[in-house]
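Visitor:
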Amino acid sequence: MNGALWRSLVMSLSLVLLIAPRASAQAARVFLSGTGNDAGDCSNAATPCRSLQGAIDQAAAGAEVVVVSSGGYGGATITKSITVNAPTGVIAFVGRTITVTIAGTDVVTLRGLSMNGAVFGDNYGINFTSGGTLNIENTVIASFVSTGVNATASGSKLWVHNCDIRKNTEGIVVTGASAVIENSRAVENSDVGFYANSSSTVLIRNSVAQGNVVGYYSNSQAVSSTEMVVDSSEATNNNYGLESLQNGAGSVATLRASECVVMNNSNVNLYTVNGSFLVSYGGNRVGGTGGNTGFTSTEVQQ
Amino acid sequence: MNGTLIRRAVVVSLFLAVLVSPRAFAAARVFLSGTGIDAGDCSDAANPCRSLQYAIDQAAAGAEVVIVSSGGYGGATISKSITVNAPTGVIAFVGKTITVTIASSDTVTLRGLSMNGAVLGSLTNGIDFTAGGTLNVENTIISGFHQGIVDTAAGSKVWVHYCDVKNMYNGIYIYGASAIIENSRVVENSNIGVYAQVGSTVVVRNSVAQGNAVAGFLAQNATGGSTVLIVDSCVSTNNAYGLYSYQSAPGVATVRAGKNIVMNNATANLITFNGSSMISHGGNRIGGAAGGTTGFTGTEAQQ
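Protein chains in written order, with my numbering: chain A, 1071 to 1372; chain B, 603 to 905.
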C-alpha cells in the first residue's frame, strides 16, 4: 500500500466518524415491547427495545420508558432518574430484581409492572439501596424469596400506590427511610406484610394486610425511633394484626391506628412488646379471634 | 478416518449439540392470544398460544400466562402454581369451568377474566377450587354458571378482589376454608350471595350484595365447629335477608358487622336462628321500607 492510499483511508474514516449519529443525544422517551429489539436508541415507537435494561440505558436521565405491548422484560439496575410506564392494558412482566441505586436528588417511578419471582428465585422484587425518591404504582410483586419492596436507602422517600405485594417472605420493608403506602395489599407473606423498621416513618392508608405472620409491624432497633400510622385499613387472618416492638435499649416504637378493621388474627389482634406503643385514634373495629384489647392509649379525634 | 475416530467425532458432536441446544425448561411467562396457535412453548410474545389449557401446560410452575389480546380461551384444569393475567382492555372470555386442584403450598392467581357459563356451563361451577393452596381471583366477572366461586378445598385460602359474581344459584360458596372478599359484588343470585359454610372464616369488605333471592351474606353451620363471617363497610339491599346467621347444634355461626348499609331486604334485614350470633361493631345503618331495624344479638364498641 502506498502513501496516497493511506491518506484516502484516513480521510474516509474521518468522514465516517463525522457523519455518524451523535451517540450522546439520548431520547426523552424510549419505547419497549416484547417483540422489540435491543438495537438503536428505541426512540421511535416503530422500533422499540426488547429489554428493560436496554431501554433504560438508551434513555436520558429523567426520561420515560414507554411499554407499548405485553412482554417479559427482565430485571434492571437503575442508576438515574427514570419513569418506567406500562399502561393499563399491557402486562409488563418482570421475573428478576429491579435494583434502584440513585442520587439523593433523583426520582424513579415504576408504574404498571407485573413482577413474579417464582421461577427465577431472586431475593428482592424491588431493592431500593440508595436515593432519592421511588414511586411504585399499579404494580404486583409476588413470590420473591426475601422481600417484595426492600427500601434501605437512608433518608429516602418511598411512595407505594395501588400495589399488591404477596407470597414473599416480607412484603414492604422500610429501614431508615420514610414511606407512604396507599390502596395497597400485603397478602400471605410468610413473615411481615408492612414493616416499618429502625428509624423509619411509614404511613399506610386504605390498605389491606391479610394472611401474613404480622400485618402491620413497627419495630425499633436500639436507640432509634420508629413510627407507623395505619388509617382506614384492614388487618385480618394474620397471626398478629397490628404489632409494635421495641427491640433495643433507648428505642421507641409507635403504631397509631384509626378506622381500621382488625379481626380474626389467629394469635392476637393488637400486640405490643417491651413497652412499645399502640395508640388508637378511634373508629377501630377489633374482635373475632385474637381478642379485642391491646391499645396502650387512645387519643380523641378533634 | 478410521472407525474409532468417527465414533469419537460423533460422540463429541452429540455432546456439543446437547450443550448448545436450548434447555427444554418451561418458560417463566408464556403468551396467549385469540389469534395464537397451540404449538411450541409460547414464550415469545410474537408466537402466543391459543388456549388457556395449552398455555398453562407450557408454563413453568409459578410462571405467568400473559394474555396479549381478546379471545375465547376455554376452561382449564390447573394443578400447579400459575398466574393467568389478562390486562384491562383485553376480554379474556371463558365459558367453561376452571378447576383448581393444587398442593397446599401452591398459589393460583386468575386476573381479569370474563367468565360466562350461560351457553356451555350452566350446570357446572365457574371456578371450582377443590384442593389447595391459595387462590386469588381478581378483576373477574362470573355469571351464568351454577355457582360462581366454590371453595371446598379444606384449609385453603381464597382471595376475591374486584369481582362481579351474578345471576347464578350461589355467588361465592366457602366450605371449610378461609376467604377474603373485597371490592366485589354479588348480585341477583337465586339463592345466596356470599355463603360461609361449615368451618369457614370469611371476611367481606367494601362489597355489595343485592337482589339475591334468599340472603346477601350468610354464615351457616349445622354440623359442628365454628363458622365466622365478618362483614365491614358493605351494602346488603333488596335481598330476602340482608345478614343471615344460622346455626344448629353442635354448630356455631357468628356474623360480625361494622359500618354496613343493610336496608330494604324484603323479609328481614338481620336474622338469627337457634342462638346464632350477630354482633355489631357499630356504624351499621339498618332500616328502610322493608326488613325492619332489629336483629343484632350483641354489640362490641369501637376502640
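All C-beta atoms in this analysis are idealised placements derived from N, C-alpha and C, irrespective of residue type, glycine included. Keep in mind it's a predicted model, so treat the numbers as computed, not measured.
Write down the C-beta distance between Asn1205(A) and Thr1179(A) rounded to the nearest angstrom, noting that I regard them as a contact closer than 8 Å.
Guide: If you number the first sequence from 1, residue 1205(A) lands on position 135. If you number the first sequence from 1, residue 1179(A) lands on position 109. Contact flag correct, Cβ pair sits at about 4 Å.
Visitor: By the 10 Å Cβ neighbour count, where 16 or more other Cβ atoms means buried, how is Pro689(B) classified, buried or exposed?
Guide: Start at 1 with the first residue of the second sequence, and residue 689(B) comes out as number 87. When all chains shown are included, Pro689(B) counts as buried.
Visitor: Identify the contact partners of Ile1161(A) in chain B, using a Cβ-Cβ distance below 7 Å as the criterion.
Guide: The sequence position of residue 1161(A) within the first sequence is 91, counting from 1. Chain B residues near Ile1161(A): Val668, Asn687 and Pro689.
Visitor: Between Ser1288(A) and Thr1296(A), how many whole angstroms is the CB-CB distance? I'm expecting something under 8 Å.
Guide: Translated into the one-based positions of the first sequence, residue 1288(A) becomes position 218. Translated into the one-based positions of the first sequence, residue 1296(A) becomes position 226. The pair is a contact, with the Cβ atoms about 5 Å apart (cut-off 8 Å).
Visitor: Are the C-beta of Val1086(A) and some C-beta of chain B separated by less than 8 Å?
Guide: By one-based count along the first sequence, residue 1086(A) stands at place 16. For Val1086(A), the predicted structure reports a pLDDT of 45, less than 50, and the residue's modelled location is therefore unreliable. A value from the coordinates is still provided. No, because no Cβ of chain B sits closer than 8 Å to the Cβ of Val1086(A).
Visitor: Within its chain, find whatever has a CB closer than 6 Å to the CB of Gly900(B); leave out the 5 residues flanking it on each side and keep chain order.
Guide: As a working note, residue 900(B) is residue 298 in the second sequence. Only Ile881 meet the Cβ criterion.
Visitor: Under the assumption that Val1230(A) contacts Gly1187(A) (Cβ atoms under 8 Å), give the Cβ distance between them as a whole number of angstroms.
Guide: On the first sequence, residue 1230(A) is found 160 positions in, with the first residue counted as 1. On the first sequence, residue 1187(A) is found 117 positions in, with the first residue counted as 1. Between Gly1187(A) and Val1230(A) the Cβ distance is about 18 Å, and since that is not below 8 Å, they are no contact.
Visitor: Could you compute how far the alpha carbon of Lys1150(A) sits from the alpha carbon of Gln1128(A)?
Guide: Taking the first sequence and counting its residues from 1, one reaches residue 1150(A) at position 80. Taking the first sequence and counting its residues from 1, one reaches residue 1128(A) at position 58. Cα to Cα, Lys1150(A) sits roughly 12 Å from Gln1128(A).
Visitor: When you compare only the Cα positions, how much space is there between Pro650(B) and Gly795(B)?
Guide: Translated into positions along the second sequence, residue 650(B) becomes position 48. Translated into positions along the second sequence, residue 795(B) becomes position 193. Taking the straight line joining both Cα atoms gives about 37 Å.
Visitor: Which one of Val1331(A), Val1244(A), Asp1111(A) and Gly1364(A) has the shortest CA to CA distance from Thr1203(A)?
Guide: If you number the first sequence from 1, residue 1203(A) lands on position 133. When only C-alpha atoms are compared, the closest one is Val1244(A).
Visitor: Within this structure, are the beta carbons of Arg1355(A) and Asp834(B) separated by less than 8 Å?
Guide: Residue mapping note: residue 1355(A) aligns to position 285 of the first sequence, counting from 1. Residue mapping note: residue 834(B) aligns to position 232 of the second sequence, counting from 1. Yes, Cβ-Cβ distance for Arg1355(A) and Asp834(B) is below 8 Å.
Visitor: Do you know whose CA, among Ser786(B), Gly778(B) and Val760(B), lies nearest Val767(B)'s CA?
Guide: By one-based count along the second sequence, residue 767(B) stands at place 165. Nearest option by C-alpha distance: Ser786(B).
Visitor: Going straight from the alpha carbon of Tyr848(B) to that of Gln1280(A), what length do you get?
Guide: Sequence index remark: in the second sequence, residue 848(B) carries index 246 (1-based). Sequence index remark: in the first sequence, residue 1280(A) carries index 210 (1-based). So the alpha carbons of these two residues sit roughly 26 Å apart.
Visitor: From Thr1366(A) to Leu1315(A), what does the alpha carbon distance come to, in whole angstroms?
Guide: Indexing the first sequence from 1 puts residue 1366(A) at position 296. Indexing the first sequence from 1 puts residue 1315(A) at position 245. Going from the Cα of Thr1366(A) to the Cα of Leu1315(A) covers about 13 Å.
Visitor: Count the other C-beta atoms from every protein chain shown that fall within 10 angstroms of the C-beta of Ser706(B), then say buried if there are 16 or more, exposed otherwise.
Guide: Here residue 706(B) refers to the residue found at position 104 when the second sequence is read from its first residue. Its Cβ having fewer than 16 others within 10 Å, Ser706(B) is exposed.
Visitor: Could you check where the alpha helix (DSSP H) with Ala1124(A) kicks off and where it finishes?
Guide: Here residue 1124(A) refers to the residue found at position 54 when the first sequence is read from its first residue. Position check: residue 1124(A) holds Gly in this sequence, whereas Ala was assumed. Start and end: Leu1122 to Gln1128.
Visitor: List the residues of chain C whose Cβ lies closer than 9 Å to the Cβ of Ala756(B), in chain order.
Guide: This model lacks chain C altogether, as its protein chains are A and B.
Visitor: Quick one: is Phe919(B) buried, meaning 16 or more other Cβ sit within 10 Å of its Cβ, or exposed?
Guide: With chain B running from 603 to 905 in the structure shown, residue 919(B) is simply not present.
Visitor: Do Asn1317(A) and Asn1335(A) have their C-beta atoms closer together than 8 Å?
Guide: Against the first sequence, residue 1317(A) aligns to sequence position 247. Against the first sequence, residue 1335(A) aligns to sequence position 265. Contact flag unset, no.
Visitor: In chain order, what residues of the same chain lie with their CB nearer than 6 Å to the CB of Val788(B), ignoring the 5 residues before and after it?
Guide: For the purposes of this step, residue 788(B) is taken as the residue at position 186 of the second sequence. Same-chain partners within the cutoff: Val767, Gly773, Gly795, Val796 and Ala811.
Visitor: Among Gly734(B), Ala855(B) and Phe875(B), which one has its Cα closest to the Cα of Gly1358(A)?
Guide: As a working mapping, residue 1358(A) is identified with position 288 in the first sequence. For Gly1358(A), the nearest C-alpha among the options comes from Ala855(B).
Visitor: Roughly how many whole angstroms lie between the Cα atoms of Cys1112(A) and Asn1238(A)?
Guide: For the purposes of this step, residue 1112(A) is identified with residue 42 of the first sequence, where counting begins at 1. For the purposes of this step, residue 1238(A) is identified with residue 168 of the first sequence, where counting begins at 1. If you take the alpha carbons of Cys1112(A) and Asn1238(A), they lie about 34 Å apart.
Visitor: For Gln749(B), which option in Asn841(B), Ala756(B) and Ala720(B) has the closest C-alpha, if you only look at C-alpha atoms?
Guide: As a working note, residue 749(B) is residue 147 in the second sequence. When only C-alpha atoms are compared, the closest one is Ala720(B).
Visitor: Would you verify that the beta carbon of Thr736(B) is, or is not, closer than 8 Å to some beta carbon of chain A?
Guide: Against the second sequence, residue 736(B) aligns to sequence position 134. It does: the Cβ of Thr736(B) has a partner Cβ on chain A nearer than 8 Å.
Visitor: How is the alpha helix (DSSP H) around Leu654(B) delimited, first residue to last?
Guide: Position 52 of the second sequence, counted from the first residue, corresponds to residue 654(B). Start and end: Leu654 to Gln660.
Visitor: Starting from Gly691(B), trace the beta strand (DSSP E) both ways and give me its first and last residue.
Guide: Working through the second sequence from its first residue, we reach residue 691(B) at position 89. Element bounds for Gly691(B): n/a, residue is neither H nor E.
Visitor: Would DSSP call Leu722(B) helix, strand or coil?
Guide: In the second sequence, the residue the question calls residue 722(B) occupies position 120. Coil at Leu722(B), not helix or strand.
Visitor: Could one say the Cβ of Val702(B) lies closer than 8 Å to chain A's Cβ atoms, at least one of them?
Guide: On the second sequence, position 100 is the one that residue 702(B) refers to. Closer than 8 Å: no.
Visitor: Return no unless some Cβ of chain A is closer than 8 Å to the Cβ of His748(B).
Guide: Start at 1 with the first residue of the second sequence, and residue 748(B) comes out as number 146. Not one chain A Cβ lies under 8 Å of His748(B).
Visitor: Which residues of the segment 776 to 804 of chain B have a Cβ closer than 9 Å to any Cβ of chain A? Give them in chain order.
Guide: Residues Ser780, Ile782, Glu784 and Thr803.
Visitor: Below 7 Å CB to CB, which residues in the same chain sit around Gly1361(A) once its five sequence neighbours on both sides are set aside?
Guide: Working through the first sequence from its first residue, we reach residue 1361(A) at position 291. The residues are Val1338 and Asn1339.
Visitor: Closest Cβ-Cβ distance between Leu1102(A) and chain B: below 8 Å?
Guide: For the purposes of this step, residue 1102(A) is taken as residue 32 along the first sequence, with counting starting at 1. Answer no: the Cβ-Cβ gap between Leu1102(A) and chain B never drops below 8 Å.
Visitor: Anything in chain B within Cβ reach of Val1356(A), meaning under 7 Å, just list it in chain order.
Guide: Residue mapping note: residue 1356(A) aligns to position 286 of the first sequence, counting from 1. Within chain B, the residues near Val1356(A) are Gln905.
Visitor: Going by beta carbon distance, what residues of the same chain come within less than 6 Å of Val804(B), once the five residues before and after it are set aside?
Guide: Position 202 of the second sequence holds residue 804(B). Around Val804(B): Ile776, Ala781, Ala798 and Leu831.
Visitor: Who are the near neighbours of Ala663(B) in its chain, counting only those whose CB is closer than 6 Å to its CB and skipping five residues on each side?
Guide: In the second sequence, residue 663(B) corresponds to position 61, counting from 1. Excluding residues within five positions, the ones whose Cβ falls inside 6 Å are Lys682 and Ser683.
Visitor: Mind listing the chain B neighbours of Ala1173(A)? Cutoff is C-beta to C-beta under 7 Å, in chain order.
Guide: The residue labelled residue 1173(A) in the question sits at position 103 within the first sequence. Near Ala1173(A) there are no residues of chain B at all, since even the closest Cβ is about 32 Å away, more than 7 Å.
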